[in-house]
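So this note's numbering is basically just the index in the sequence shown, starting at one, shifted up by 17.
Note that beta-carbon positions come from the ideal geometry of N, C-alpha and C, so glycine has one too.
Bear in mind the structure is a predicted one, so any value in this text is a computation, not a measurement.
The structure appears below as structure tokens.
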Amino acid sequence: TDNKIEPETFTSAQKERINELLLPGEKIPFSNEPSKFKEIESELVNKRRNDFKQMYENDREEQIAKLERTISQFFVDKGFIEIKAPIIIDIDSVKKMGIDTDHKLSKQIFYLDNKHCLRPMLAPGLYQWLKNFDKILPDPIKIFEIGPCYRKESEGSQHLEEFTMFNFCQMGSGANRENLLNHIDDLLKHLNIDYKIIDDNCHVYGETIDIVHGDLELSSAVVGPVPIDMNWGIDKTWIGAGLGLERLLKVKHGYKNIKRASKSHSYYNGISTNL
Ligand code: ATP
Ligand code: 9VF
Ligand code: MG
């Protein structure tokens with residue numbers, strides 16, 4: 018139409034500002050006159066301020082925290098026990114994961130001092146809990162954790178250096194591929210997220226099953242046992258999968274960049290705070 022805003026009429030800084038203010042799928046609002054950047058910006062700022070007021074009135078739940086509660090409740094109901102392991106871990110436990118200096122992940126570790134680093138994954142904590150519970154609980158041992166993980170990353174729209182992982186595992190009876198895929202299917206159906214299964218390979222576990230949405234990896238899943246189990250005193254079969262919560266939010270809400278889903282001061286529930 019005659020009213021259509023040609024993106025070419027904006028500078029790249031103006032386009033960036035408009036994109037930051039738009040919600041996924043939202044069109045640039047325009048009035049009858051050929052709109053000026055300032056008018057569009059202030060119209061969008063008003064919309065976003067209203068979005069915040071409505072959230073404050075009606076909802077007040079933060080999206081990562083809410084998704085954590087949803088997944089947590091779902092897996093507790095499926096018979097998995099929730100654990101919280103330390104986020105500061107021994108560098109030794111990264112080594113016990115088979116991540117040595119020629120491994121891709123070894124260059125992504127945030128070191129704190131000579132002995133400690135921030136965990137890049139949940140598996141070290143889960144291994145230790147599997148070992149503890151194996152002496153206490155009946156077969157099968159079903160556990161999970163949801164919490165922060167840290168990796169130095171260079172790529173942009175699908176990686177965060179601080180992200181939230183969900184990792185469940187089941188050790189003992191029922192630890193087979195079919196049950197693994199059923200647990201993942203149950204969850205992603207519950208969250209209303211489409212996915213495809215791709216058989217893949219990784220350094221830590223060898224054969225992995227990747228769960229993807231388009232070209233975005235949502236999860237890596239593994240059917241054990243694997244050789245590194247013996248570093249942790251584990252000698253039973255197991256299944257497990259790790260999923261990134263911010264990637265689930267990116268897909269669910271159609272964010273172009275995962276930053277909208279990250280822990281941040283720039284966005285709240287995917288809405289710019291720069292108003
Ligand atoms: P990628 O190949 O995309 O870098 P990965 O295979 O290294 O991911 P895994 O070690 O398999 O990641 O971690 C399990 C899940 O955790 C991933 O499928 C993804 O959902 C999430 N994840 C991993 N790294 C990140 C990151 N930097 N930012 C956000 N989510 C991540
Ligand atoms: C699959 C992604 C080794 C028996 C404690 C559970 C899994 C998860 C792969 C994750 C990782 N492994 N980021 O193990 O569930 O560890 O690379 Si356990
Ligand atoms: Mg992976």
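Review point. What are the start and end residues of the beta strand (DSSP E) that includes residue 225?
Key: 223-230
Exercise for review: Would you kindly check if the distance between the Cβ of residue 184 and the Cβ of residue 161 is under 9 Å?
Suggested key: yes
Point to revise | Helix, strand or coil at residue 69 [DSSP, three-state] | key: helix
Review point. For residue 232, which of 129, 123, 58 and 175 has the nearest alpha-carbon?
Key: 175
Practice item. Within 10 angstroms of the Cβ of residue 26, are there 16 or more other Cβ atoms? Answer buried if so, exposed if not. Key: exposed
**Study point:** residue 243 versus residue 222 - alpha carbon distance
**Key:** 6 Å
Exercise for review: Identify whether residue 247 lies in helix, strand or coil by the three-state DSSP scheme.
Suggested key: helix
Point to revise | Range of the contiguous beta strand (DSSP E) that encloses residue 125 | key: Careful: residue 125 lies outside any beta strand (DSSP E) and carries neither H nor E.
Practice item. Output the distance between the C-alpha atoms of residue 187 and residue 70, rounded to the nearest integer angstrom. Key: 43 Å
Check your understanding: Residue range of the alpha helix (DSSP H) that residue 206 falls in?
Key -> 194-207
Practice item. Please report how far the alpha carbon of residue 103 lies from the alpha carbon of residue 148, in whole angstroms. Key: 16 Å
Review point. Is the number of C-beta pairs between the stretch 100-117 and the stretch 125-141 that are closer than 8 Å three or more?
Key: yes
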